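Visitor: In the numbering used here, the protein residues as written are -4 to 329.
1) Counting only the same chain and skipping the five closest in sequence on each side, list residues whose C-beta sits under 7 Å from that of residue 229.
2) Which residue marks the beginning of the alpha helix (DSSP H) containing residue 210, and which one marks its end?
3) Mind pulling the alpha helix (DSSP H) runs of 4 or more residues that sit fully within the region 175 to 215?
4) Hey, would you say residue 148 sits closer than 8 Å to residue 257, going by beta carbons?
5) Just the C-alpha distance for residue 234 and residue 74, rounded to the nearest angstrom, thanks.
6) For residue 237, collect the residues of the same chain with a Cβ closer than 6 Å to its Cβ; drop the 5 residues on either side in sequence, then sort them by chain order.
7) Once you ignore the five residues that flank residue 156 on each side, which residues in its own chain have a CB closer than 8 Å to its CB?
8) How big is the Cα-Cα spacing for residue 212 and residue 30?
9) Around the Cβ of residue 255, are there at least 16 other Cβ atoms within 10 angstroms (buried) or fewer (exposed)?
10) Let me know the secondary structure DSSP gives residue 312 once reduced to three states.
11) Going by the DSSP bridge assignment, what does residue 173 pair with across the sheet?
12) Where do the ends of the alpha helix (DSSP H) carrying residue 289 lie?
13) Could you check the C-alpha separation between residue 248 and residue 168 for me, to the nearest Å?
14) Rounded to the nearest angstrom, what separates residue 98 and residue 52 at their Cα positions?
15) For residue 190, I'd like the list of residues in its chain whose CB is within less than 6 Å of its CB, leaving aside the five on either flank, ordered along the chain.
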């Protein structure tokens, strides 16, 4: 009986993989369509080397937030605080960097900024995880609350005004290149590759899928579910903190008021990339593809001259469509 039933789960797994890959293929078709549309509308502005570089830089910061969000959503949760955690971490990193003195080397600035940004972000992630897991508060409410808290504390620390950082951080790192590729894009790609390996080739990754699929079943097979879930929020917060430092390097200031839509963009990117909001399904690779859709939309709207208030409308519509498609896929799978 057992031997006869064995092929059935394997067949279902193959069908699931095929659906995920077909969904990712659809993402690339949509991306190609958007790229061609904006290229036709603004041939002298959109498909240029300068604009493509700008797209890569914009996508690098969003990608870090989206990768962290991917882990949380696969694990059955959600983190609405990543945009404000990015801002808070950037503010704290800027304070630390400016406290080093003007004669500090670029290497020391990067080291301190990275460590402080990661630490600040992971700390907010620990708060989110502890309150959601041990406190029993819905993660939607917890992360919505810390979203406001992190933004408010960032404004308190800065007095409501952006903080600038040494110009060499922007010229060498934020706008600098390595082998012709922007440093920020390389950092984001390395982080994405590492996290993809963690998700697909380690016990931690398998436990993440297990927790998102069925927490009780995970407990029964020995997974420390609470610790796993808290770790996922810390990963999300830590990557948001790293994104805060990279945004600081890119813009040369804390850009406090520029990240109000990051949460919407990030969640849209993750869901568009094939990660199910119900947990248990998804990949970092799909998320990276999904990141490019809202980034290209925002960039294209700016170049075409569409008013900025239409950008969240379009991204929200894409998010609803992605969730609808995800629901249809789950129904078909059942």
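Here a beta-carbon is modelled for each residue, glycine too, at the ideal position from N, C-alpha and C.
Computed from a predicted model, the values in this text were never measured in an experiment.
Guide: To lay it out plainly:
1) What you label residue 229 is simply residue 234 of the chain shown in a count that begins at 1. 117, 120, 121 and 124, listed in sequence order.
2) For the purposes of this step, residue 210 is taken as the residue at position 215 of the chain shown. Here the alpha helix (DSSP H) through residue 210 covers 210 to 215.
3) 178 to 196, 198 to 208 and 210 to 215
4) Locating residue 148 in the chain shown gives position 153, counting from the first residue. Locating residue 257 in the chain shown gives position 262, counting from the first residue. No, these two residues do not count as a Cβ contact at 8 Å.
5) Along the chain shown, one-based indexing puts residue 234 at 239. Along the chain shown, one-based indexing puts residue 74 at 79. Looking at the two C-alpha atoms, the distance is approximately 12 Å.
6) The residue given as residue 237 occupies position 242 in the chain shown. For residue 237, where only same-chain residues beyond five positions count, the Cβ hits under 6 Å are 59, 112 and 113.
7) Reading the chain shown from its first residue, position 161 is the one you call residue 156. Once the five neighbours on either side are set aside, residue 156 has no close Cβ partner at all.
8) For this step, residue 212 is matched to residue 217 along the chain shown. For this step, residue 30 is matched to residue 35 along the chain shown. Distance between the alpha carbons of residue 212 and residue 30: 44 Å.
9) What you label residue 255 is simply residue 260 of the chain shown in a count that begins at 1. Counting Cβ neighbours within 10 Å, residue 255 comes out exposed, since fewer than 16 surround it.
10) By one-based count along the chain shown, residue 312 stands at place 317. Helix, per DSSP.
11) Working through the chain shown from its first residue, we reach residue 173 at position 178. Residue 173 is bridged to 176.
12) If you number the chain shown from 1, residue 289 lands on position 294. Segment 279 to 299, the alpha helix (DSSP H) holding residue 289.
13) Along the chain shown, one-based indexing puts residue 248 at 253. Along the chain shown, one-based indexing puts residue 168 at 173. One C-alpha to the other measures close to 14 Å.
14) Translated into the one-based positions of the chain shown, residue 98 becomes position 103. Translated into the one-based positions of the chain shown, residue 52 becomes position 57. Cα to Cα, the separation comes out at about 28 Å.
15) Here residue 190 refers to the residue found at position 195 of the chain shown. Contacts found: 62 and 279.
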